[in-house]
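A short write-up of the structure that comes next.
Numbering (the UniProt record's numbering), first residue to last: 1 to 396.
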């Protein structure tokens, strides 16, 4: 029997599991268990709504378990939701930076095009360096339903479990295994077309994370339907396009999703085209330079050009192609996914001390780049003044 061992490497290298062969009738038992938990999700949502728990976040004493049930409305349809969750942008839809589907027990069919069942592993990136990363192994079940008022809907359930295909990563990667209790989101159609009522029920034990940090994680998960709504909106923009006159004549429109920007307040600009972008686009699409805490905002239209230009720049700067290591492929379809890691790394170039630039030459280079910034374009300036390629990490 093939053993499941994750590949260990650098901290930025994606973790991969090799699934083992299932026992006899194990697939049917897991499908039955997932379907039962899917039904329990609706009971928990009704109980939370009946007791006024829709907007309450609770971190119980002496534990790290938090529960939140939030209700909102989004502009989307059920086919659009299924296309995002079952398509190439699954990581963006579920809100995890790294995720792998270990098994798929049920795939969509003609009779049930919106039903799916499987087992998945996902990784939480810790918001603090003092707290270790968390991962979860869980069953997921997605299917349509009809409520007591005859309204059609679609729901996704997640429930943690222990399985031999995904052993703990504490010893190999210093990752703590968290636990999910009956989590999921219920999307129900409303009287208005293309408007869905989304109820997110999130109940998790982070296994040692401080209560205040657990509340932050729970609140972020409760806002996941809004990120999903914006991701669907960006897909429409990429397919249909936007009117350039509307965004250039009046500078109060987002260059990414063409949303109206507030008249007063802080305006955000894309680092590549310098156009205004909204906060939702900044949350869904952003670029992070490795070694720096500040996130560089970038619009969805500049992501592919930026990554392609970075690749060309690295090829021209490096002495040989053997020094370039790419851990992930740049995909145009996944380039605007939420928190999908696409990284381009360069190997360290060892140069003797006498051949390296002196402090005086570096100061002259910095002053000259400042004087010629207005005369040159940003792209040429970057290629001209960069002495050697940095390490770029683009999180999208």
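Idealized CB from N, CA, C, for every residue including glycine.
> Where residue 20 and residue 276 are concerned, what is the direct C-alpha to C-alpha distance, given to the nearest angstrom?
Replying inline: Numbered from its first residue, the chain shown carries residue 20 at position 20. Numbered from its first residue, the chain shown carries residue 276 at position 276. Approximately 49 Å, taken between the alpha carbons.
> Among 75, 34, 24, which has the Cα closest to the Cα of residue 231?
Replying inline: On the chain shown, residue 231 is found 231 positions in, with the first residue counted as 1. The shortest Cα separation from residue 231 among 75, 34, 24 belongs to 75.
>> Which of the three DSSP states is assigned to residue 41 in this structure?
In response: Taking the chain shown and counting its residues from 1, one reaches residue 41 at position 41. The answer is helix: DSSP assigns residue 41 an H, G or I state.
> Rounded to whole angstroms, how far is the Cβ of residue 104 from the Cβ of residue 118, which I believe are closer than 8 Å?
Replying inline: By one-based count along the chain shown, residue 104 stands at place 104. By one-based count along the chain shown, residue 118 stands at place 118. Rounded, the Cβ-Cβ distance is 4 Å, consistent with contact.
> Does the separation of the CB atoms of residue 164 and residue 140 fall below 8 Å?
Replying inline: Residue 164 sits at position 164 when you count from the first residue of the chain shown. Residue 140 sits at position 140 when you count from the first residue of the chain shown. No, the pair does not count as a contact, with Cβ atoms beyond the cut-off.
> With a CB to CB cut of under 7 Å and the five nearest residues on each side skipped, what residues in its chain are close to residue 233?
Replying inline: The residue given as residue 233 occupies position 233 in the chain shown. Same-chain partners within the cutoff: 257.
>> Contact between the stretch 141-149 and the stretch 101-115 is defined here as three or more beta-carbon pairs at a separation below 8 Å; is this criterion met?
In response: yes
>> For residue 86, tell me which candidate among 177, 114, 35 has the shortest Cα-Cα distance.
In response: Here residue 86 refers to the residue found at position 86 when the chain shown is read from its first residue. Measuring from the Cα of residue 86, the nearest candidate turns out to be 114.
> With burial defined as no fewer than 16 other Cβ atoms inside 10 Å of the residue's Cβ, what is the status of residue 130: buried or exposed?
Replying inline: What you label residue 130 is simply residue 130 of the chain shown in a count that begins at 1. It is exposed - the Cβ of residue 130 has fewer than 16 other Cβ atoms within 10 Å.
>> Using the Cβ count rule (16 or more neighbours within 10 Å means buried), how would you classify residue 190?
In response: Sequence index remark: in the chain shown, residue 190 carries index 190 (1-based). Exposed, by the Cβ-count rule.
> In chain order, what residues of the same chain have a beta carbon less than 7 Å from the beta carbon of residue 9, not counting five sequence neighbours either side?
Replying inline: By 1-based counting over the chain shown, the position of residue 9 is 9. Because the pLDDT of residue 9 is 40, which lies under 50, any placement of that residue in the model is unreliable, and the question is left without a value.
>> Can you tell me whether residue 197 is helix, strand or coil according to DSSP?
In response: Reading the chain shown from its first residue, position 197 is the one you call residue 197. In this structure, residue 197 counts as strand in the three-state DSSP scheme.
> Taking just the CA atoms, how far does residue 149 sit from residue 338?
Replying inline: Counted from its first residue, the chain shown places residue 338 at position 338. Counted from its first residue, the chain shown places residue 149 at position 149. Residue placement at residue 338 is flagged as unreliable, the pLDDT there being 36, under the threshold of 50; a coordinate-derived value is accordingly withheld.
>> Looking at the secondary structure, which residues open and close the beta strand (DSSP E) in which residue 99 lies?
In response: Position 99 of the chain shown, counted from the first residue, corresponds to residue 99. Segment 98-106, the beta strand (DSSP E) holding residue 99.
>> DSSP three-state label for residue 316, please.
In response: Along the chain shown, read from residue 1 onward, the residue named residue 316 stands at position 316. With a pLDDT of only 43 at residue 316, under 50, the local geometry of the prediction cannot be trusted, and the value read off the model is given with reservation. Helix.
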